[in-house]
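> Okay, so the sequence shown: first residue is 394 according to my numbering, each after it adds one. First the structure, then my questions, so here it is.
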Amino acid sequence: CFYCMCSICVRCYSVLLACVVFVLDVAVFHYSSQSKVLLHFVNQNGMKTSVTGTEGESLLDVVVKKNVQIDGFGACEGTLSCSTCHLIFEDSMYDRMETMADDEMDMLDLAYGLTKTSRLGCQVTLQPWMDGMTVRVPQEVKDQRDVQETKSKQ
Ligand code: FES
């Protein structure tokens, strides 16, 4: 072994086993200590879908993992270049959220149907206090990459 130059000694095997057990313990504790957060998505057609996400996941992660049916949602996969993850939040939830970064604000400015409680779903991470939150998808969504491409061709 790399530790004592034997092929695999009992001592190294026990150390290795203890390390594996420790890592698994930490992983299980970390996973189980994260809160589940119930979310309600209302899509463009008014259809409501309720799903559960995990604290720390983005709303984009939840939509993808739970296969929530929202046309074209998250086209750039969270790279802040499309604004298709535009969501509208309840006032009380919006007021409690962290301040928006400049990059998000810039992309959100280009989004269609912007409201005073709009955010980009790829930038909002779930917090325990969001449990039971309802988010609405705006009526119209355009992929900013397509809009920019059209402008550059003109
Ligand atoms: S997924 Fe493209 S900006 Fe959020």
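The beta-carbon is built from N, C-alpha and C at its ideal position, and this holds for glycine as well.
(1) Excluding the 5 residues flanking E450 on each side, which residues of the same chain have their C-beta closer than 6 Å to its C-beta?
(2) When we look at the beta-carbon of A411 and count the other beta-carbons within 10 Å, is it buried (16 or more) or exposed?
(3) Would you say the beta carbon of L473 comes nearer than 6 Å to a heavy atom of the ligand FES?
(4) Using CA coordinates, which residue listed in N438, L432, G439 is at the minimum distance from V456?
(5) Taking the C-alpha atoms as reference points, what is the distance between E491 and E497?
(6) Quick one: grab the DSSP three-state call for K546.
(7) For C530 versus N436, is the C-beta spacing smaller than 7 Å?
(8) Tell whether a beta-carbon distance below 7 Å holds between G465 and C478.
(9) With 16 as the cutoff for other CB atoms within 10 Å, does L480 come out buried or exposed?
(10) Under the rule that 16 or more other beta-carbon atoms within 10 Å means buried, what is A504, buried or exposed?
(11) Rounded to whole angstroms, what's the CA-CA distance from C469 to Q541? Just pull it up for me.
(12) Could you check what DSSP says for K509 in three-state terms: helix, strand or coil?
Reading off the structure:
(1) If you number the sequence shown from 1, residue 450 lands on position 57. Taking E450 as the centre and dropping the five residues before and after it, the same chain places the C-beta of L519 closer than 6 Å to its C-beta, in chain order.
(2) Residue 411 sits at position 18 when you count from the first residue of the sequence shown. Exposed, by the Cβ-count rule.
(3) Indexing the sequence shown from 1 puts residue 473 at position 80. Within 6 Å of the C-beta of L473 there is at least one heavy atom belonging to the ligand FES.
(4) Position 63 of the sequence shown holds residue 456. Of the listed residues, the one whose Cα sits closest to V456 is L432.
(5) Reading the sequence shown from its first residue, position 98 is the one you call residue 491. Reading the sequence shown from its first residue, position 104 is the one you call residue 497. Annotation: E491 to E497 spans about 12 Å, alpha carbon to alpha carbon.
(6) In the sequence shown, the residue the question calls residue 546 occupies position 153. It is helical.
(7) Counted from its first residue, the sequence shown places residue 530 at position 137. Counted from its first residue, the sequence shown places residue 436 at position 43. Checking the sequence shown, residue 530 turns out to be Val, not Cys. Yes, Cβ-Cβ distance for V530 and N436 is below 7 Å.
(8) As a position in the sequence shown, residue 465 is number 72, starting the count at 1. As a position in the sequence shown, residue 478 is number 85, starting the count at 1. Cβ distance not < 7 Å, so G465 and C478 don't count as in contact.
(9) Here residue 480 refers to the residue found at position 87 of the sequence shown. Classification of L480: buried, given that the 10 Å Cβ count is 16 or more.
(10) For the purposes of this step, residue 504 is taken as residue 111 along the sequence shown, with counting starting at 1. Result: buried.
(11) The count along the sequence shown starts at 1 and reaches residue 469 at position 76. The count along the sequence shown starts at 1 and reaches residue 541 at position 148. So the alpha carbons of these two residues sit roughly 14 Å apart.
(12) As a position in the sequence shown, residue 509 is number 116, starting the count at 1. Of the three classes helix, strand and coil, the one that applies to K509 here is coil, per DSSP.
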